[in-house]
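>
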Amino acid sequence: MEVYVLRLGHRIGRDRRISTHVALTARAFGAKGIYFDCYDEKVFSSVRKVVENWGGDFFIEAVNWKKFLKEFDGLKVHLTMYGISLMKKIDEIKKASKVLVVVGAEKVPGEVYHMCDLNLSVGNQPHSEVAALAVFLEKVLEVVFDLKFEDAKIKVIPSERGKNVVRKGEKIFDPTF
Ligand code: SAM
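Per the numbering used here, the sequence shown starts with residue 8, numbered consecutively.
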């Protein structure tokens with residue numbers, strides 16, 4: 008299954024940090040790419056830098072969100088605290104070959120609720136687009152801890168203590184911190 012993310016309502020300046028986290032979470036948890044409704048040089052270049060160093064072919068792109076959402080040829084899922092439970096629809100989602108998951112920043116335009124096939128919640132408490140997206144991707148793709156980016160320039164060698172990191176086979180961090 009291919010999963011794409013649409014990030015709505017990014018405010019240049021104010022949302023940079025959280026939008027970057029949305030994009031990095033999308034990549035690390037198995038989405039193919041993320042679409043923003045505006046171009047933010049800082050966010051886009053820092054996400055692309057991560058891809059360059061840490062591998063894979065995750066993309067970040069700006070689109071006309073309304074046209075894009077309307078024309079997307081797959082299952083469109085909007086994550087919102089007001090929706091019905093993600094777990095009620097998980098089987099339906101897993102059958103889809105292409106999924107677009109929409110997450111907001113502040114208030115999402117009302118028409119999004121009608122343009123999407125499903126309005127789903129990860130619990131009905133207000134929390135965060137990063138948390139909602141991470142749970143969604145983990146439940147739908149179930150591959151999060153197996154993801155490998157074979158072409159990565161930088162890799163973490165998991166260790167019980169310390170930071171063991173290699174760049175092109177050479178140690179770059181002292182494992183004793
Ligand atoms: N009142 C907003 C709403 O419509 O969900 C909360 C805005 S929240 C800061 C930003 C985004 O986080 C939302 O647009 C939604 O995508 C996601 N989100 C927050 N809580 C959620 C929840 N319980 N379930 C699913 N998504 C959630």
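Where is the CB? At the ideal position from N, CA and C, for every residue including glycine.
Is any non-hydrogen atom of the ligand SAM found closer than 7 angstroms to the C-beta of GLY111, if you look at the structure I gave you?
Yes, the ligand SAM has a heavy atom inside 7 angstroms of this Cβ.
> With distances taken Cα to Cα, identify the nearest neighbour of TYR42 among ILE91, VAL108, ARG24.
Considering only alpha carbons, the answer is VAL108.
> For the region 152-171 and the region 52-60, state whether three or more C-beta atom pairs, one from each stretch, are separated by less than 8 angstroms.
Yes, the region 152-171 is in contact with the region 52-60.
> Mind checking whether LEU125 and LYS96 have CB atoms under 8 angstroms apart?
Cβ atoms of LEU125 and LYS96: closer than 8 angstroms.
> I'd like to know whether the C-beta atoms of LEU86 and LEU144 end up nearer to each other than 8 angstroms.
Taking 8 angstroms as the Cβ cut-off, LEU86 and LEU144 do not qualify as a contacting pair.
> Is GLU99 near the ligand SAM, judged by its Cβ being under 7 angstroms from some heavy atom?
The answer is no for GLU99.
> Report the residue from ARG23, ASP64, LYS74, ASP44 whose alpha carbon sits nearest the alpha carbon of SER53.
If we check each option's Cα against that of SER53, ARG23 comes out closest.
> Please report how far the alpha carbon of VAL172 lies from the alpha carbon of PRO165, in whole angstroms.
One C-alpha to the other measures close to 8 angstroms.
> If you draw a straight line from the C-alpha of LYS56 to the C-alpha of LEU31, how long is it?
C-alpha separation (whole angstroms): 11 angstroms.
> Give a yes or no on whether the C-beta atoms belonging to VAL110 and VAL129 are separated by under 8 angstroms.
Contact: no.
> Taking the continuous alpha helix (DSSP H) assigned at LYS162, which residues delimit it?
Where LYS162 is concerned, there is no enclosing alpha helix (DSSP H), although the beta strand (DSSP E) it sits in stretches over 161-163.
> Measure the Cβ-Cβ separation of TRP72 and LEU140 and say whether it is below 8 angstroms.
Contact flag unset, no.
> State the Cα-Cα distance for the pair VAL10 and GLU78, rounded to the nearest angstrom.
Between VAL10 and GLU78, the C-alpha separation is close to 16 angstroms.
> Taking a contact to mean a Cβ-Cβ separation below 8 angstroms, would you say LYS105 touches GLY90 in this structure?
Their beta carbons are not under 8 angstroms apart, which means LYS105 does not touch GLY90 by this criterion.
> Give the range of the alpha helix (DSSP H) segment to which GLY78 is assigned.
Checking the sequence shown, residue 78 turns out to be Glu, not Gly. First-last of the alpha helix (DSSP H) with GLU78: 72-78.
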